[in-house]
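Sequence lines, in order, name chains S and R. Take the first sequence: its position 43, counting from 1, is numbered 42 in numbering that gives the first Met the number 0, and each next residue is one higher. Take the second sequence: its position 191, counting from 1, is numbered 190 in numbering that gives the first Met the number 0, and each next residue is one higher. All residues carry an ideal CB built from backbone N, CA and C; glycine is no exception. To start, the structure under review is shown below, and the notes come after it.
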Amino acid sequence: MKYIREDKGMTLIVKSVTRLTLGFILLYGIYITLNGHAGPGGGFAGGVIVALSFVHIMLAFGKEVALKRLRAWLLRVSIGIAALIFLYVAVIRSSFVSCPVFSTEVIIPLCEMVIVGGGLFAIFIALVLLSKGDKDAE
Amino acid sequence: MISLLLIIPLSSAFLIPIIGKRIKWTGGAISSLAAFALAANSFVIISNLMKYKTLLYKFGAFPPPAGISLIVDGLSVFLLITVNVVAFLIALFSMDYMKQYTDRWKFYTLFMFMLAGVNGVLIAGDIFNLYVFLEVAAIAGYFLVGFGVRDEELEAAFKYAVMGSVASIFILLGIGLLYSYTSTLNMAEMARILPQTGTSSLVTFVSVLFLMGFGLKAALVPFHSWLPYAHSQAPAPISAMLSGVSIKVLGIYALARIFFNVLGMTPAVCFILIALAVLSMVAGSIMAFGQSDIKRLFAYSSISQIGYIALGLGIGTPLAISGALFHLFNHSIFKSLLFLNSGSIEYAAGTRDLNRIRNVIREDPVTGYTNLIGSLSICGVPPLGGFWSKLIIILACIQANHPILAFVAAVVSMLTLAYYFKALTPALFGTHATAGIKASGRKISFAMAAPMVILAILVVISGMMLLPNPGRELLKGAANVLQNGRNYGK
Chain S
0 MKYIREDKGM TLIVKSVTRL TLGFILLYGI YITLNGHAGP GGGFAGGVIV ALSFVHIMLA
60 FGKEVALKRL RAWLLRVSIG IAALIFLYVA VIRSSFVSCP VFSTEVIIPL CEMVIVGGGL
120 FAIFIALVLL SKGDKDAE
Chain R
0 MISLLLIIPL SSAFLIPIIG KRIKWTGGAI SSLAAFALAA NSFVIISNLM KYKTLLYKFG
60 AFPPPAGISL IVDGLSVFLL ITVNVVAFLI ALFSMDYMKQ YTDRWKFYTL FMFMLAGVNG
120 VLIAGDIFNL YVFLEVAAIA GYFLVGFGVR DEELEAAFKY AVMGSVASIF ILLGIGLLYS
180 YTSTLNMAEM ARILPQTGTS SLVTFVSVLF LMGFGLKAAL VPFHSWLPYA HSQAPAPISA
240 MLSGVSIKVL GIYALARIFF NVLGMTPAVC FILIALAVLS MVAGSIMAFG QSDIKRLFAY
300 SSISQIGYIA LGLGIGTPLA ISGALFHLFN HSIFKSLLFL NSGSIEYAAG TRDLNRIRNV
360 IREDPVTGYT NLIGSLSICG VPPLGGFWSK LIIILACIQA NHPILAFVAA VVSMLTLAYY
420 FKALTPALFG THATAGIKAS GRKISFAMAA PMVILAILVV ISGMMLLPNP GRELLKGAAN
480 VLQNGRNYGK
């Protein structure tokens, strides 16, 4: 990560640790989503962890870096599409089943992860950025 | 078909954030189209309801007591028609009205969520789903009230959010206690189990919780303090939506559904409902006298008119219930019309202050005359709908041996006439222009005028609901559901 030498954000130690652990946090979130969706709240907990990985970047490197990684419009569009897929699965239950990759068992937890993760990260962006009078965040 | 009532608003609410930000006009177009589809769908549901008495949709095809169900009966369909037609006209109005705001796609998204919540409350056959949809509609409402993000708008939204959350907590506590008592959340099943368990002080306690919670959503008088702020500070289409749709569905409909069909009306509940109703009618109309803000005036008048509806439900005779439902329909139409009028006056004159608005009827005939029709109807001037519904409620009071209530209702009707006369005559006809309506130089467009004209026509012909077919059948079907008491869902 080339931003590690910049003055913004926290100290070098925090940035290095963030850089090392980031992938694992993201991976763990996806793991929880895929593995735990049969249990209670699988997609939700996975989404929270995915959101935390981006919150982690934001805390360590500052908001510019985090928003460069995940643009606000991408967040909005992905939440919208995931919610639409949810609705589509609810309306046409059987059409996904023929192809195993798009079976409801995979698609529902993934959508839930996107919605929860995107939603929580959006709330965090709103709380951190908009309170400082930053109009162009979205 | 029943599920379409949820699919249409939700899918448009999710679609608008994807494309509505880049292509500005799509937000208004999608939401208007969706609201139109909902209204059309409600009419299709009516024609099916003529054949079968109740329509049932099972989630995942699990049968009702265990599975979640959506139920449409006479009462639901009566309100579905009212809500979706009014919401379509409001969506049409907001297409041009909302151009003064930025980030319009957020408005339309929240608007569609609110509509989804309201439709969901009307068709939920399950008391917890009713609560969830109620929260969806209410939370969208909190954000929409503060949409303008000026100080006073945010203050109103915050007040509404705090009061609304308190109401929701009461309702949730009541639902939790009822669930622990009956071990079911399905309303029809609950209505079957409750008489078998005998009387219990827990049911009384739950009744009190529901009266507080839904009374707060309906803005009956001791719980009304959020309403004047929220209704006056929201954007005009949302004021119309809150007053014409939200307080009726989230408050009155939920109250009626739960008390008549699930818990059963006891004399004590009737007495409390009548007491709250009389208090609302009198206090709302007295407080309306001092208002100089046109939207606050309409807001206080909403409180007073909600009192009439609650009075009819509290008396509980067949005639009174029909009167209450008819007044609900009428009030939904003319109060949305009046709030849309206030929006277009504010749009053209740049002010809501009744001391500065003058000569509306000359400068802007469409707004002026539709406002005149709406005001005459709410005051109860004979050929218009408001007269008939108030007459039925007053007659029902006399028939049920409550002459004092009839007297109060008649006096409040006169008070209504008085405060509308006092407030709107100078605004509509007065010629001494201190500010004039053309202050901002904006003229209302066709898309803003058309909904007001359609609503005014509906106000004029709504008395025809009392003619045999199809109006009276619809009204009778709705009233029958409430009279049948605990036979809900059969």
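Inter-residue distance for residue 200 (chain R) and residue 265 (chain R) is about 13 angstroms (C-alpha atoms, whole angstroms). Looking from the CA of residue 198 (chain R), the closest CA among R:290, R:263, R:300 belongs to R:263. Take the alpha-carbon of residue 163 (chain R) and the one of residue 137 (chain R): they are about 7 angstroms apart.
Within chain S, no C-beta atom comes less than 9 angstroms from the C-beta of residue 132 (chain R); the nearest is roughly 15 angstroms away. Counting only Cβ-Cβ distances below 7 angstroms, residue 114 (chain S) has no contacts in chain R at all, with the closest Cβ about 10 angstroms away. Taking the beta carbon of residue 13 (chain R) as reference, the chain S residues within 9 angstroms of it are 78, 79, 80, 81, 82, 83, 85, 86, listed in sequence order.
Nearest CB-CB separation between residue 10 (chain R) and chain S: below the 8 angstroms threshold. Residue 317 (chain R) has a beta carbon lying at 8 angstroms or more from every beta carbon in chain S. If you keep only unbroken beta strand (DSSP E) runs of at least 3 residues inside the stretch 195 to 228 of chain R, you get nothing at all. Legend: CB atoms of the stretch 44 to 77 of chain S lying less than 8 angstroms from CB atoms of chain R belong to residues 72, 75, 76.
In the DSSP assignment, residue 71 (chain R) is bridged to R:54. Here residue 123 (chain R) carries a strand assignment [DSSP, helix/strand/coil]. For residue 27 (chain R), the closest alpha carbon among the candidates R:484, R:110, R:75, R:80 is that of R:110. Between residue 480 (chain R) and residue 73 (chain R), the beta carbon gap of about 5 angstroms places them in contact (Cβ cut-off 8 angstroms). Residue 352 (chain R) is bridged by DSSP to R:292. The straight-line gap separating the alpha-carbon atoms of residue 252 (chain R) and residue 116 (chain S) is approximately 36 angstroms. For residue 34 (chain S), the enclosing alpha helix (DSSP H) stretches over residues 11 to 35.
No residue range can be given for residue 252 (chain R), since it is assigned to no alpha helix (DSSP H) and is classified by DSSP as neither H nor E.
Around the Cβ of residue 232 (chain R), a 10 Å sphere holds 16 or more other Cβ atoms; the residue is buried. When C-beta atoms of the stretch 200 to 213 of chain R are compared with those of the stretch 43 to 52 of chain R, fewer than three pairs fall below 8 angstroms, so the two segments do not count as touching. Per DSSP, the unbroken alpha helix (DSSP H) holding residue 162 (chain R) starts and ends at 150 to 181. Cβ neighbours of residue 107 (chain R) within its own chain (closer than 6 angstroms, five residues either side excluded): 15, 26, 30. Under the Cβ criterion of 8 angstroms, residue 16 (chain R) is counted among the residues facing chain S. For residue 44 (chain R), no chain S residue has a C-beta closer than 9 angstroms to its own C-beta; the minimum C-beta separation is roughly 18 angstroms. Looking only at R:426, R:302, R:397, R:329, the smallest Cα-Cα distance to residue 368 (chain R) is reached by R:426. Residue 474 (chain R) is positioned such that its CB atom lies closer than 8 angstroms to that of residue 325 (chain R). If you ignore the 5 residues before and after residue 8 (chain S), its C-beta comes within less than 7 angstroms of the C-beta of 14, 59, 60, 61, all in its own chain and listed in chain order. Not a single C-beta of chain S is nearer than 8 angstroms to the C-beta of residue 7 (chain R).
If you check the CB distance, residue 333 (chain R) and residue 385 (chain R) come in under 8 angstroms. Residue 418 (chain R): member of the alpha helix (DSSP H) spanning 402 to 428, first to last residue. Ranking R:4, R:327, R:258 by CA distance to the CA of residue 39 (chain R) puts R:4 first.
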